[in-house]
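Structure record follows, encoded as C-alpha cells.
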Amino acid sequence: MFEYQFMINAFIAIILVAPMFGLLSTMVVSNRMAFFSDSLGHGAFTGIAIGVLLGSTSPLISLIIFSIAFALLITYIKNKSRTGADTVIGVFSSTAIALGLMIMSSGGSFNKFSSYLIGDLLSITTDDLIALSIVFVLVLTVWLVLFNRLLIMSINQSFARSRGIPAFQVEAVFAAVLAVVVSISIQWIGILIINSMLVLPAAAARNVTNDVKHYNLVSVMIALTSGVSGLIAAYEFNTAAGATIVVISAAIYFITFALKSRFRN
Numbered sequence: 161m162f163e164y165q166f167m168i169n170a171f172i173a174i175i176l177v178a179p180m181f182g183l184l185s186t187m188v189v190s191n192r193m194a195f196f197s198d199s200l201g202h203g204a205f206t207g208i209a210i211g212v213l214l215g216s217t218s219p220l221i222s223l224i225i226f227s228i229a230f231a232l233l234i235t236y237i238k239n240k241s242r243t244g245a246d247t248v249i250g251v252f253s254s255t256a257i258a259l260g261l262m263i264m265s266s267g268g269s270f271n272k273f274s275s276y277l278i279g280d281l282l283s284i285t286t287d288d289l290i291a292l293s294i295v296f297v298l299v300l301t302v303w304l305v306l307f308n309r310l311l312i313m314s315i316n317q318s319f320a321r322s323r324g325i326p327a328f329q330v331e332a333v334f335a336a337v338l339a340v341v342v343s344i345s346i347q348w349i350g351i352l353i354i355n356s357m358l359v360l361p362a363a364a365a366r367n368v369t370n371d372v373k374h375y376n377l378v379s380v381m382i383a384l385t386s387g388v389s390g391l392i393a394a395y396e397f398n399t400a401a402g403a404t405i406v407v408i409s410a411a412i413y414f415i416t417f418a419l420k421s422r423f424r425n
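Here it is, written out as C-alpha cells:
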C-alpha cells in the first residue's frame, strides 16, 4: 500500500497525530473532560460554517479561531457560573451544532462540506503534514510545561489553587491547545468520531496501569497501534480510515477492561 503517496502521507500523519491524541487523552479522561472535548467537535462544525459564510473554500483559519474562542468561552463561563459544568457545556454544544447546521443549510453548501462529518484521512497533503508537525511541536511543548500542574488539578482543583497554581489559566491554555488539535484533525478524522480519539486511548490505558508514567506511555502506544493498524485495515477492507481506527481503539478498550482485574491485583 506504500506504493501510493497518499498512503505514505496518511501513515506519516498517523505517526504525528496519534501521540498527540494519546497524551491529550490522559488529561481529558483524568480531568473528566470527555463531554467538553465532544463539544469542541460540535463547535468546529460552526467554525466551518462561518468559513463557508465568509466565502472560504478551505475554512481552516476560521475553524481554528472559532474553536479556540469557543473553548475559552466555555472554560470561562464554566468557572464563573454556578450552573453545573455538564449543563454549561451542553448548552454551548447544542447551540453550536444547531447554528452550524442552520448556516450550512441556508447557504445550500451542506453536501460540499459533509465530508467533515466522517473525515478523509487519505486526503492529507504535504502542506498538511507541515502544519501537523508544527502543531505536534506546540502540543509537546505545552505538555512539558503544564503536565505537573494539570496532574495536580486532575486530583483536586482546590488543592491546586492552594499550591499557587492558576487553575483557570492552566485550564484555558489546555482547552485552547485541545481546540487547535481538534480543528486541524477534524477534516481527516471526522466530527462524528473525533471525541472517541480523545477518550478511548486513555480509557483503555487506565484499565491496565497503576501509575502516571505507564498511564501516559500506554495511552500513546494504544493510540499509535490503533492508528497504524486502523489505516492498514481501512486500506485492505476499503472502509473509512477514521472510523476503522476508532473501532480498533474500542476493541482494545474492551480487551483491557476484561483484563483489568489481573493488572489491578
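Our numbering numbers the first residue of the sequence shown as 161 and each following residue consecutively.
Beta carbons: idealized from backbone N, C-alpha and C, even for Gly.
Keep in mind it's a predicted model, so treat the numbers as computed, not measured.
Member of the options whose CA lies at the smallest distance from the CA of residue i
i: Asn-122; options: Ala-410, Ala-320, Asp-198; result: This structure cannot speak to residue 122, because the chain is shown only from 161 to 425.
i: Ser-185; options: Ile-290, Val-337, Gln-317; result: Val-337
i: Ala-245; options: Ser-197, Ser-227, Ser-322; result: Ser-197
i: Gly-379; options: Ala-291, Ala-231, Met-187, Gly-250; result: With the sequence shown as reference, residue 379 is identified as Ser, and Gly is not the correct amino acid for it. Of the candidates Ala-291, Ala-231, Met-187, Gly-250, the one whose C-alpha sits nearest the C-alpha of Ser-379 is Met-187.
i: Ile-172; options: Ile-290, Ser-265, Leu-259, Ile-249; result: Ile-290
i: Ser-283; options: Phe-181, Ile-249, Leu-391, Phe-166; result: Phe-166
i: Thr-416; options: Ala-401, Ala-393, Ala-363, Gly-390; result: Ala-363
i: Gly-182; options: Leu-358, Ile-225, Ile-263; result: Leu-358
i: Ile-208; options: Ile-237, Ser-199, Ser-253, Leu-261; result: Leu-261
i: Ile-263; options: Asp-280, Phe-205, Val-388; result: Phe-205
i: Ala-401; options: Ile-278, Ser-421, Leu-213, Ser-266; result: Ile-278
Chain-order list of residues whose beta-carbon lies under 8 Å from that of residue i (same chain, five-residue window excluded)
i: Gln-329; result: none
i: Thr-285; result: Asn-169
i: Val-302; result: Val-333, Phe-334, Val-337
i: Leu-220; result: Gly-211, Ser-343, Ile-344, Gln-347
i: Val-248; result: Ile-234, Ile-237, Lys-238, Ser-241
i: Ile-224; result: Gly-207, Ala-339, Val-340, Ser-343, Ile-344
Distance, residue j Cα to residue i Cα
i: Asp-376; j: Ala-256; result: First, the amino acid is wrong: residue 376 is Asn here, not Asp. Between Asn-376 and Ala-256, the C-alpha separation is close to 31 Å.
i: Ser-241; j: Phe-319; result: 20 Å
i: Ile-228; j: Pro-179; result: 21 Å
i: Phe-226; j: Asp-287; result: 22 Å
Burial state of residue i, where buried means 16 or more other Cβ atoms lie within 10 Å
i: Tyr-164; result: exposed
i: Met-161; result: exposed
i: Ser-343; result: buried
i: Leu-304; result: exposed
i: Ile-294; result: exposed
i: Ser-222; result: buried
i: Ser-253; result: buried
Close beta carbons around residue i, own chain, < 6 Å, minus the five adjacent residues each side
i: Ala-335; result: Ala-231, Thr-235
i: Ile-392; result: none
i: Ser-389; result: Ile-408
Contacting residues, own chain, Cβ-Cβ under 7 Å from residue i (five flanking each side not counted)
i: Ile-354; result: Gly-201, Val-342, Ser-345, Ile-346
Hey, is the stretch 178–195 in contact with the stretch 312–328, meaning 3+ C-beta pairs nearer than 8 Å? yes
Taking 8 Å as the threshold, find out whether the stretch 225–243 comes into contact with the stretch 382–400 through three or more Cβ pairs. no
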